[in-house]
Amino acid sequence: MTRTHVGTGAPNFLFRYDKYNRLTDIIGAYSGNVTFETWHHYVYNNNSYSDALRPVTDTTYTFGVIGTGPLPEQIFHGVRYTDFTYDRYGRIIVAREVDIRPIPDTRELRYYYNAAGNLIALATTYPQGIDSINLVAYDNKINPHQTHPIWQLIDRNYSVNNPFTAVAYNNFGLPTVIGGKESAGEFLGYDFIGELTIDYNCHGSGH
Numbered sequence: 058m059t060r061t062h063v064g065t066g067a068p069n070f071l072f073r074y075d076k077y078n079r080l081t082d083i084i085g086a087y088s089g090n091v092t093f094e095t096w097h098h099y100v101y102n103n104n105s106y107s108d109a110l111r112p113v114t115d116t117t118y119t120f121g122v123i124g125t126g127p128l129p130e131q132i133f134h135g136v137r138y139t140d141f142t143y144d145r146y147g148r149i150i151v152a153r154e155v156d157i158r159p160i161p162d163t164r165e166l167r168y169y170y171n172a173a174g175n176l177i178a179l180a181t182t183y184p185q186g187i188d189s190i191n192l193v194a195y196d197n198k199i200n201p202h203q204t205h206p207i208w209q210l211i212d213r214n215y216s217v218n219n220p221f222t223a224v225a226y227n228n229f230g231l232p233t234v235i236g237g238k239e240s241a242g243e244f245l246g247y248d249f250i251g252e253l254t255i256d257y258n259c260h261g262s263g264h
């Protein structure tokens, strides 16, 4: 994924897959693909296709040199290790995060869904206590993350509907414009300010 303007907080994204067509790495690279801002490295349990979209761990590196190997050549700042637990629908329900550097820390995130398939609460347990965020206001349209499991994994967003009312939707109920003049957000790892326009390309559907 290539940006028009690349800089801190706005890198390009490189996607790597293994021979089983499983996503193994998402690299937020700066121009020239020499250095990176973020690097997610996913590890899977076995070679089963059913687990192809369910990595068991995600090791995240921040700021470093890409190099020629499967992992960063140099790491300048942070390393975080995360392991996942899934429910029978393939949604992440527990993420245990361990910050290795620069400041060691741990936390556990628990995701709670309602009968409609939407996230209603995210409880984060730190060594000093629990911080819970409730998400209750959803529209009745289709969450664009539903269009591909990899998008769900990237944002850990498995909700059926959207926790916002979009500025505009297409004929299929997918948001085409989100945000607003004074808003900010994140979508597929992309930080945006103001309005974000989304285009869809549905191969094989005739749409």
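Going by the working numbering, the sequence shown opens with residue 58, and the numbers climb by one from there.
Don't be surprised by glycine CBs; every beta carbon is placed ideally from N, CA and C.
Note that the coordinates shown come from a computational prediction; the quantities given were computed from them, not determined experimentally.
Can you give me the Cβ contacts of D188 inside the same chain, cut-off strictly under 7 Å, excluding the 5 residues immediately before and after it?
T181
If H97 sits next to D82, beta carbons under 8 Å apart, how far is it from one beta carbon to the other, in whole angstroms?
That pair is a contact at about 7 Å.
Assigned secondary structure, T204 (DSSP; H/G/I helix, E/B strand, else coil)
helix
Taking three-plus beta-carbon pairs below 8 Å as touching, is the stretch 125-134 in contact with the stretch 190-203?
no
Could you check if F244 belongs to the surroundings of the ligand ATP, using beta carbon to heavy atom distance under 7 Å?
In the structure shown, the ligand ATP is absent, as is every other ligand, since no ligand is present at all.
Within the same chain, show all residues whose beta-carbon is closer than 8 Å to that of L322, passing over the 5 residues directly before and after it, in chain order.
Summary: the structure shown does not reach residue 322, with the chain confined to residues 58 through 264, and so no result is reported for it.
Minimum C-alpha distance to V63 - residue among Y87, Y77 and G251
Y87
Do T65 and E94 have their CB atoms nearer than 8 Å?
yes
My parser needs the beta strand (DSSP E) runs of 3 or more residues fully inside the stretch 119-190; what are they?
131-143, 149-158, 162-170 and 176-183
Helix, strand or coil at I211 according to DSSP, with G and I counted as helix
Three-state result, I211: helix.
Where does N228 sit, in a helix, a strand or coil, going by DSSP?
coil
Alpha carbons only, please: which of P220, F221, V224 and Y215 is nearest the one belonging to Y146?
Y215
Measuring straight from C-alpha to C-alpha, what distance separates F244 and D212?
7 Å
Just how far apart, CA to CA, sit V193 and G186?
Approximately 23 Å between the Cα atoms of the pair.
Taking the CB atoms as reference points, tell me whether R167 and I150 lie closer together than 8 Å.
yes
Check G236 in the structure and name its three-state DSSP category.
strand
Burial state of T139 (16 or more Cβ within 10 Å)
buried
Roughly how many whole angstroms lie between the Cα atoms of P220 and L176?
Approximately 9 Å between the Cα atoms of the pair.
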